[in-house]
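Participant:
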Amino acid sequence: MLDVRLIREQPDAVRRGLATKGGADLIPELLELDADRRRLVRESENLKALRNKASEAIGQAKRRGEDAGAEQARMREVGERIKTLDIELKSVDERLEALALQLPNLPHPSVPEGKSEDDNVEVRRWSEPRTFGFPPKPHEEVGAALGLDVERAARIAKARFAVLWGGMARLERALAQLMLDLHTREHGYTEVWVPHLVNGETMLKTGQLPKFEEHLFKTVEADEGRPLYLIPTAEVALTALHAGEVLPEVSLPRRYTAFTPCYRREAGTYGKDMKGIYRQHQFDKVELVKLATPAQAYAELESMVANAEAVLQRLQIPYRVVERCIGDLGFSAAKGYDIEVWLPGQGRYREISSCSNYDAFGGRRAEIRFRPDGGGRPEYCATLNGSGLAVGRTVMAVIENYQEADGSVTIPQALRPYMDGLMRLTPR
RNA sequence: GGAGAGGUGGCCGAGUCGGCCGAAGGCAGCCGCCUGCUAAGCGGUUACAGGGUUAAAAGCUCUGUCCCGGGUUCGAAUCCCGGCCUCUCCGCCA
9 MLDVRLIREQ
19 PDAVRRGLAT
29 KGGADLIPEL
39 LELDADRRRL
49 VRESENLKAL
59 RNKASEAIGQ
69 AKRRGEDAGA
79 EQARMREVGE
89 RIKTLDIELK
99 SVDERLEALA
109 LQLPNLPHPS
119 VPEGKSEDDN
129 VEVRRWSEPR
139 TFGFPPKPHE
149 EVGAALGLDV
159 ERAARIAKAR
169 FAVLWGGMAR
179 LERALAQLML
189 DLHTREHGYT
199 EVWVPHLVNG
209 ETMLKTGQLP
219 KFEEHLFKTV
229 EADEGRPLYL
239 IPTAEVALTA
249 LHAGEVLPEV
259 SLPRRYTAFT
269 PCYRREAGTY
279 GKDMKGIYRQ
289 HQFDKVELVK
299 LATPAQAYAE
309 LESMVANAEA
319 VLQRLQIPYR
329 VVERCIGDLG
339 FSAAKGYDIE
349 VWLPGQGRYR
359 EISSCSNYDA
369 FGGRRAEIRF
379 RPDGGGRPEY
389 CATLNGSGLA
399 VGRTVMAVIE
409 NYQEADGSVT
419 IPQALRPYMD
429 GLMRLTPR
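At position 374 of the first sequence (counting the first as 1) the number is 382 in the numbering used here, and the numbers step up by one without a gap.
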């Protein structure tokens, strides 16, 4: 969420910032509502001050045994007027917040121009794709022989689910473990275990609601309690952990990691990436989340990307890093990078991680603040998040990059300790 | 699932028949004083949000906040209703 005060004081700068991302057209109405709100607040509060004084006088009069009926009647009317104003104020506040929630974050000045992911800018590449002595197969073909089973998954659930048998299931688990160990032992993250179902308020505070409801799986409690939502990423749970809190500045940055399944409806992607497990309703991810001061946030973004890259380096799989352009930044991000892994079966780089700095936009929405070291008023934290990595897509990358002519897959060195020294997955 | 108790400031804890309660007292913190050191002692101070004033900040001032949302009342921490959460006992359970 953007600071309404910033919009009020520098509407033109905000309008320029939102030019590509959209939402600038909402500003006039927002400014009008803001002016209405302040007018109503002033009037209501003046009347409340009057009433408070009068009520005190009535109390004193009554204690002296005097009659205060006339004054009480007068205040009854004032009370009615206040009630009317407050109802109006509440309605203005609600409309104002609904509008403010629709405004995306302002891009950082360093973010490249561009409309779609095609305009993203490659920042660096790591390692060279290996040369195969045979035509490399896509992961769904390599995987089918090794225990990747989408047919039965579709039967017991629906399309876009998978069953992993034997070594493939083991590979999934081993990768998650490798990632968690790397981030907790070498990158300073604290491992957190979180609920996979969260309430609507948490979804609102982390920017999933109201805008992205169609992407979420929603549950209904049997006793008609508030609905809970399946998390689309551990980011929502991790970021919301400190919602409403004021953290000491010395405790920043905080670095959290969690291994969870992610559940996404994938509405509007029918027919897209239907083969294999690139796009699933359920997938595992090791997520990275940081809370930082706005001053630390951009350096923390760089190190977060490096932390995610380290996973692919361990696995010896080629990738490139692209900086997302304004049009591909997403709603909440001020700046962000994607890591794209090389998939020889597809002959191209595909997204395996997305790291973003939401800066104070995220902290304001979730109400996460910090108390500056020298004292003073609390300020909003910057929130950052990134995949480190999406486990299912890493499985894809491993089996495509390490496939052999006979249909087997070599287990990367770094992964063997997590698979009892197993060197190879062979067709079943 | 059944029965009961409760949610007050950074923490503990008091709030009488609704007014003088943004809230006693204690602890912790900060500033100063005092004292060979330490401990003790003395004085002051310590929430958040929003509005107004200001170029802005500080300051001043007003409003709201005693879990959340409604209601009663001239006036609610205090009374009433709903929700959320916590605890105790019984039952069930990985």
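By construction, the Cβ of each residue, glycine as well, lies at the ideal position given by its N, Cα and C atoms.
Is the number of C-beta pairs between the region 206 to 213 and the region 264 to 275 that are closer than 8 Å three or more?
Facilitator: Touching, no.
Participant: Do you know how far the Cα of R377 is from the Cα of E387?
Facilitator: Roughly 5 Å separates the two Cα atoms.
Participant: DSSP beta-bridge partners for K343?
Facilitator: K343 is bridged to N365.
Participant: CB H191 to CB G384, shorter than 8 Å?
Facilitator: No. Outside cutoff.
Participant: Report all residues from its chain with a CB closer than 8 Å to the CB of G371; omit the five preceding and five following residues, and keep chain order.
Facilitator: Result list for G371: L299, R377, Y388, C389, A390, T391, in chain order.
Participant: The beta strand (DSSP E) spanning N60 covers which residue range?
Facilitator: Run containing N60: none in the beta strand (DSSP E); it sits in the alpha helix (DSSP H), 35 to 71.
Participant: Within 10 angstroms of the Cβ of D346, are there 16 or more other Cβ atoms? Answer buried if so, exposed if not.
Facilitator: With 16 or more Cβ atoms within 10 Å of its Cβ, D346 is classed as buried.
Participant: Quick check on the burial criterion: 16 or more other C-beta atoms within 10 angstroms. Buried or exposed for L26?
Facilitator: By the neighbour-count rule (16 or more Cβ atoms within 10 Å), L26 is buried.
Participant: Should V294 and M187 be called a contact, given that it needs their Cβ atoms to be closer than 8 Å?
Facilitator: Yes, Cβ-Cβ distance for V294 and M187 is below 8 Å.
Participant: Per DSSP, what are the beta-bridge partners of D292 in this structure?
Facilitator: According to DSSP, which records beta bridges pairwise, D292 is partnered with P269.
Participant: Under 8 Å by Cβ, that's how I've got R437 and M83 pegged, so tell me the actual separation to the nearest angstrom.
Facilitator: Since the first residue shown for the chain is 9 and the last is 436, residue 437 is missing from the structure and cannot be characterised.
Participant: Quick check on the burial criterion: 16 or more other C-beta atoms within 10 angstroms. Buried or exposed for I164?
Facilitator: So I164 ends up on the exposed side.
Participant: Might you give, ordered along the chain, the residues of its own chain that have their beta carbon closer than 7 Å to the beta carbon of Q354, omitting 5 neighbours on each side?
Facilitator: The answer, listed in chain order, is P146.
Participant: On the criterion of 16 or more Cβ atoms from any shown chain inside 10 Å, does G279 qualify as buried, or is it exposed?
Facilitator: By the 10 Å Cβ count, G279 comes out exposed.
Participant: Hey, could you find the ends of the beta strand (DSSP E) P302 is sitting in?
Facilitator: Premise fails: P302 lies in the alpha helix (DSSP H), 302 to 323, not in any beta strand (DSSP E).
Participant: Exposed or buried, what is E102 when buried is set at 16 or more other beta-carbons lying within 10 Å of its beta-carbon?
Facilitator: Exposed, by the Cβ-count rule.
Participant: Our contact map puts A161 next to V150 with C-beta atoms below 8 Å; I'd like the distance itself, whole angstroms only.
Facilitator: About 17 Å separates the two Cβ atoms, so there is no contact after all.
Participant: Expressed to the nearest angstrom, what Euclidean distance is found between the alpha-carbon atoms of L8 and A65?
Facilitator: Outside the shown range of the chain (9 to 436) lies residue 8, about which nothing can therefore be said.
Participant: For the region 332 to 342 and the region 117 to 126, state whether three or more C-beta atom pairs, one from each stretch, are separated by less than 8 Å.
Facilitator: With the cut-off at 8 Å, the region 332 to 342 and the region 117 to 126 touch.
Participant: Could you give the DSSP three-state label for L224: helix, strand or coil?
Facilitator: Looking at L224 - three-state DSSP - the assignment turns out to be coil, as it is neither helix nor strand.
Participant: Out of curiosity, what's the CA-to-CA distance linking A184 and E17?
Facilitator: Taking the straight line from one Cα to the other gives about 47 Å.
Participant: Drop a sphere of 10 angstroms on the beta-carbon of T92, count the other beta-carbons inside from all chains shown, and report buried for 16 or more, exposed for fewer.
Facilitator: It counts as exposed.
Participant: If we count the other Cβ atoms within 10 Å of its Cβ and call it buried at 16 or more, is R401 buried or exposed?
Facilitator: R401 is buried by the Cβ-count criterion.
Participant: Could you name the residues of the same chain whose beta carbon sits closer than 6 Å to that of M454, not counting the 5 residues immediately before and after it, in chain order?
Facilitator: This structure cannot settle anything about residue 454, because the visible part of the chain is limited to 9 through 436.
Participant: Provide the residue span of the beta strand (DSSP E) that contains N393, from first to last.
Facilitator: Unbroken beta strand (DSSP E) run through N393: 390 to 398.
Participant: By how many angstroms is the C-alpha of D127 removed from the C-alpha of A405?
Facilitator: Near 24 Å, if we compare the C-alpha coordinates of D127 and A405.
Participant: What's the call for D367, buried or exposed, on a 16-neighbour Cβ count within 10 Å?
Facilitator: That one is buried.
Participant: For A108, tell me which candidate among S340, S364, A413 has the shortest Cα-Cα distance.
Facilitator: Taking only the C-alpha atoms, the option nearest A108 is S340.
Participant: Out of A242, G284, V258, state which residue places its alpha-carbon closest to the alpha-carbon of G382.
Facilitator: Of the listed residues, the one whose Cα sits closest to G382 is V258.
Participant: Please state whether DSSP places E408 in a helix, a strand or coil.
Facilitator: Looking at E408 - three-state DSSP - the assignment turns out to be helix.
Participant: For V441 versus L246, is the C-beta spacing smaller than 8 Å?
Facilitator: No statement about residue 441 is possible, as the shown extent of the chain runs from 9 to 436 and does not include it.
Participant: Under DSSP, the alpha helix (DSSP H) around M82 begins and ends at which residues?
Facilitator: Reading the sequence as shown, one finds Arg at residue 82 and not Met. Its alpha helix (DSSP H) spans residues 77 to 110.
Participant: Taking C-alpha atoms, which residue in L34, Q421, Q321, L430 lies nearest to R133?
Facilitator: Out of L34, Q421, Q321, L430, Q321 has the C-alpha closest to the C-alpha of R133.
Participant: For a test of the three-state rule: what should DSSP assign to E387, helix, strand or coil?
Facilitator: Looking at E387 - three-state DSSP - the assignment turns out to be strand.
Participant: In chain order, what residues of the same chain have a beta carbon less than 6 Å from the beta carbon of D44, not counting five sequence neighbours either side?
Facilitator: Within the same chain, D44 has close Cβ partners V100.
Participant: Which one of L260, F291, P352, L114 has the shortest CA to CA distance from V399?
Facilitator: Checking every option, the nearest Cα to that of V399 belongs to F291.
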